[in-house]
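Residue numbers (our numbering): 7 to 485. The beta carbon of each residue, even a glycine, is placed where N, CA and C say it ideally should be. Notes follow the structure.
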Amino acid sequence: MEARDIFQNISPIDHRYSVSEAEVYKSLVPWISETALISSCIRAEIALIFAHLKLRGELTPAIRAELEKCTASPEEVYAEEEKTRHNIRALVNVLKTKVPSKIAPLVHLGATSVDILDTSLSWRIAGVTREAVLPLLKKLELLLCSFAEKEADTPQVGRTHGQHAVPITLGFAFAEYVSRLGKSILEIGKRSKELKGKLSGAVGAYNATSMIVKDPQELERIYLAELGLEPSEHSTQLVEPEYLLRLLLEFNTAFGIIANLADDLRNLQRSEIGEVREGFSADQVGSSTMPQKRNPWNSEHVKSLWKAFMPRVNTFFMDQISEHQRDLSNSASQRFISDYIAGFCLAVSRMSKVIEGLGADRERLLANLRGGGIPGGVMAEPAYILLAETGVSDAHEVIRKVTLSAESKNISFAAALAKEPETLKKISGKMAELGLIPARAENSTVEALSFFENPQAYSGLASKKAKTLAEKYKALMGE
């Protein structure tokens, strides 16, 4: 077959990313390349021979060892397909010339093409999930756990609707992704073990194998066991598509979580926010014309990969439908599952590199927390809660007016609260009662104002949650 310079390949996966993400590319090739497709079909055909020989009591270690060496190159199979115009018949014809002549009649015996194709696809997708996808995801998850732990106590302002809300910690913000991605990883592991195969023939009713053996389903079980699979509960010419669909949908769930993280990281790196920053090498350039630029391009790159591959879920859903016992409308579209998995893995790998090099600007984090439209305005919530606890029914409105006063006078929330001595007295009394400040009447308002001037003290269970979730998912990834 023609040798081609990789830069003459059409897909960016096969030139740009095969170079920049060489290790990821290398981990995928044994499972989702065209060579992998053909070799897995050969593996399935050999497994079928083993099943026939086992039932006949003729499978010896020597025969197994000899058959396991049988293979065929993509070039041979493709050349034969030029004649047959049928990919599996071409593979069968080539394989018959590779096995011992007395065994050749058993090649493909009782099978239809999709007994081989769907079964080998399940074997390959289970394999690439186990050997490539899950290791990449677990690496990212563990990096997120470590970052959440490290920054569990680092104050940060929480944000809703793009506005300052109440204080959290940076570790707590990352614990969101630890939890979301962690659950998705566990689900991917579970779904990958549920993929099925088949040996039930052209319409799924075991017509052909019923002519060969007394128990066609036993033959099917032996065949699939050779590949570490179980039979689909019901087959037409196809394995029930939902097994694979559910796994691919969970891939896409994880992909969306990672894209969401990429968006958050990109926004936190805005010049006006500047709370975190991606690693930037000494020779790296951020702009062809603006030498000062340090763009969050890796986070943007992850989001861009998600935009390219997420819509392919529509095709996964469309491949769920096949008329009667089978049509051929999935034969081309299903081949692009490989592209999707590659794109997903590239995004996961890139995000791991982002987290590995991510730095937190703690001074900027604290400044943002204390600043905002109204300096210290994030402390309006505890003021309202404490005031309401004293029995003031319109406490929310009282504190809202304090924030309006702070805004109009261009002073901090604490300074505006100090101008409302009766309100402050009630709040400080409740704080002393709850043990939030020392119970010293002469200093209680001063102590209370100190609390409202230091919003980092009001972060609820943020630190605890960050540490708890990081510890939980580190243990689960180890399992």
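Inter-residue Cα distance where the pair is residue i and residue j
i                : j                 : result
valine 184       : alanine 265       : 14 Å
asparagine 449   : glutamate 428     : 15 Å
leucine 90       : serine 310        : The identity of residue 90 in the sequence shown is threonine, whereas the question assumes leucine. Cα to Cα, threonine 90 sits roughly 41 Å from serine 310.
isoleucine 391   : threonine 409     : 15 Å
phenylalanine 12 : serine 26         : Checking the sequence shown, residue 12 turns out to be isoleucine, not phenylalanine. Distance between the alpha carbons of isoleucine 12 and serine 26 is about 13 Å.
alanine 9        : histidine 21      : 14 Å
glycine 377      : glutamate 453     : 21 Å
alanine 438      : glycine 285       : 46 Å
serine 358       : glutamate 40      : 28 Å
serine 344       : phenylalanine 350 : 10 Å
serine 335       : histidine 240     : 20 Å
serine 128       : glutamate 87      : 23 Å
glutamate 547    : glutamine 169     : Past the edges of the chain, shown from 7 to 485, lies residue 547, and the structure says nothing about it.
leucine 149      : threonine 135     : 20 Å
leucine 254      : isoleucine 122    : 21 Å
leucine 187      : isoleucine 417    : 42 Å
threonine 118    : leucine 59        : 19 Å
leucine 140      : alanine 110       : 38 Å
leucine 455      : alanine 171       : 20 Å
lysine 102       : alanine 50        : 14 Å
asparagine 301   : valine 291        : 9 Å
leucine 201      : glutamate 193     : 13 Å
glutamate 182    : leucine 440       : 30 Å
arginine 276     : serine 305        : 12 Å
glycine 195      : tyrosine 31       : 21 Å
threonine 3      : arginine 197      : Nothing about residue 3 can be read from this structure; the chain reaches only from 7 to 485.
valine 105       : glutamine 223     : 25 Å
arginine 318     : isoleucine 19     : 16 Å
glutamate 256    : leucine 65        : 40 Å
aspartate 221    : alanine 28        : 47 Å
alanine 422      : serine 190        : 46 Å
glycine 484      : lysine 145        : 11 Å
Reference residue i, options the options, closest by Cα
i                 : options                           : result
glutamine 162     : Ala366, Leu455 and Ala78          : Ala366
valine 308        : Gly262, Leu274, Asn320 and Ile343 : Gly262
glutamate 81      : Asn416, His58, Ile44 and Gly116   : Ile44
aspartate 333     : Lys104, Val209 and Lys432         : Val209
serine 46         : Glu232, Gly168 and Pro173         : Glu232
threonine 166     : Lys220, Asp159 and Ile174         : Ile174
tyrosine 346      : Gly285, Phe457 and Trp312         : Trp312
leucine 38        : Pro461, Ala445 and Arg341         : The sequence given here places isoleucine at residue 38; leucine does not occur at that position. Closest option to isoleucine 38, Cα to Cα, is Arg341.
isoleucine 69     : Leu375, Arg318, Lys431 and Phe56  : Phe56
proline 461       : His92, Leu430, Leu34 and Leu371   : Leu371
lysine 407        : Leu364, Glu395, Ser456 and Ala389 : Ala389
tryptophan 303    : Gly280, Ser337, Asn258 and Arg356 : Arg356
leucine 235       : Ser241, Thr242 and Arg227         : Arg227
lysine 480        : Ile122, Leu455 and Ser152         : Ser152
phenylalanine 180 : Lys156, Ala394 and Gln275         : Lys156
phenylalanine 178 : Ser414, Gly164, Ser190 and Val113 : Gly164
alanine 394       : Met316, Ala53, Gly379 and Leu430  : Leu430
glycine 280       : Leu225, Ala373 and Glu248         : Ala373
threonine 396     : Leu146, Asp124, Lys436 and Pro444 : Lys436
alanine 386       : Pro67, Val404 and Phe315          : Val404
serine 414        : Leu442, Gly379, Arg446 and Ile94  : Gly379
tyrosine 249      : Glu72, Lys471 and Phe322          : Phe322
leucine 143       : Leu467, Ser465, Glu278 and Val354 : Val354
alanine 42        : Ser238, Arg130 and Lys220         : Arg130
leucine 73        : Arg95, Ala211 and Val113          : Val113
glutamate 246     : Ser328, Arg95 and Arg368          : Ser328
Supposed close pair residue i, residue j - CB separation, criterion 8 Å
i              : j                 : result
isoleucine 218 : leucine 115       : 7 Å
glutamine 331  : leucine 251       : With a Cβ gap of about 19 Å, glutamine 331 and leucine 251 do not count as contacting.
alanine 268    : leucine 475       : With 8 Å as the limit, alanine 268 and leucine 475 do not qualify as a contact, their Cβ atoms being about 20 Å apart.
alanine 401    : phenylalanine 458 : Contact doesn't hold; Cβ gap of about 15 Å is too wide.
valine 360     : leucine 271       : 7 Å
valine 120     : glutamine 14      : The pair is not a contact, with the Cβ atoms about 33 Å apart (cut-off 8 Å).
lysine 425     : serine 411        : 7 Å
lysine 199     : aspartate 124     : 17 Å between Cβ atoms; not a contact.
Own chain residues within Cβ distance below 7 Å of residue i, not counting five before or after
i           : result
alanine 463 : Phe457
alanine 53  : Tyr229, Glu232 and Leu233
valine 100  : Ala78, Glu82, Val83 and Glu86
Neighbourhood of residue i by C-beta distance below 6 Å, restricted to the same chain and skipping five residues each side
i           : result
leucine 34  : Ala138 and Ala348
glycine 133 : Trp37
leucine 97  : Cys47 and Val83
Beta-carbon contacts of residue i that lie in its chain and below 8 Å, excluding the five residues immediately before and after
i              : result
asparagine 213 : Gly207
serine 469     : Ala158, Asp159, Thr175, Gly177 and Phe178
serine 339     : Thr321, Met324 and Asp325
Min CB distance residue i to chain C below 8 Å
i            : result
glutamate 86 : In summary, chain C is missing from the structure at hand, where a single protein chain is found.
Where are the alpha helix (DSSP H) runs, 4 residues long or more, that stay fully inside the stretch 26–101, in chain order?
-> 28–38, 40–62, 67–74 and 80–90
Alpha helix (DSSP H) runs wholly inside the stretch 195–242, at least 4 long, in chain order | 213–216 and 222–231
Output the residue ranges of the beta strand (DSSP E) runs that lie fully inside the stretch 139–193 and measure 3 residues or longer, sorted by chain position.
-> 161–166 and 169–175
Pick out the complete alpha helix (DSSP H) segments inside the stretch 436–476, 4 residues or longer, and give them in chain order.
-> 450–458
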